[in-house]
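Quick notes on the structure that follows.
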């Protein structure tokens, strides 16, 4: 009887020790590491497909052009002969998954955030913010 109690207590003690030891050795999750510049996998000039729009009685086409350089990003909308957009500098990025990046750049003393996912060598998907809001497909120009 004493041997059974001893064996039971020993196995419980050993189990608790090993169980607690496993929890103690686990490392906390690492936050995304930020790198200077932009990821080379998505650098280049990208364009959305052209859409036809009406401006009063005139019809014209509109498209968006995104240029990702080594440390800068520019995003412009072209409507006929008009151009509207922004240019960001001092870019930095973090990889959040396979071929998925968060890119931050300074635009007029503020920071803009893009969520970029490379779908293929000729297609990327770009959304705003870290949660990929309003994603749009861009094609290699």
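In mature numbering (1 follows the signal peptide of the UniProt record, and there is no 0), the protein residues as written are -31 to -1, 1 to 110.
We put the CB at the ideal spot given by N, CA and C, even for glycine.
Note that this is a predicted model, so its numbers are computed, not measured.
- A check of alpha carbon separations from residue 28 across 49, 10, 35 identifies 49 as the nearest.
- For residue 84, the enclosing beta strand (DSSP E) begins and ends at 79 to 87.
- In the DSSP assignment, residue 48 falls within the unbroken beta strand (DSSP E) covering 42 to 48.
- In the DSSP assignment, the residues bridged to residue 30 are 21.
- Here residue 110 carries a coil assignment [DSSP, helix/strand/coil].
- In this structure the segment 25 to 44 touches the segment 52 to 62; the number of beta carbon pairs closer than 8 Å is three or more.
- The criterion of a C-beta distance shorter than 8 Å is not satisfied by residue 79 and residue 61.
- Secondary-structure assignment with DSSP links residue 61 through a beta bridge to 5, 73.
- DSSP places residue 14 in the uninterrupted beta strand (DSSP E) bounded by 13 to 16.
- In the DSSP assignment, the residues bridged to residue 105 are 95.
- In this structure, residue 39 places its C-beta atom within 8 Å of the C-beta atom of residue 7.
- Its chain contains 20, 22, 48 as the residues whose beta carbon lies nearer than 6 Å to that of residue 31, once the 5 sequence neighbours on both sides are disregarded; these appear in chain order.
- In this structure residue 5 is exposed. Its beta-carbon is surrounded by fewer than 16 other beta-carbon atoms within 10 angstroms.
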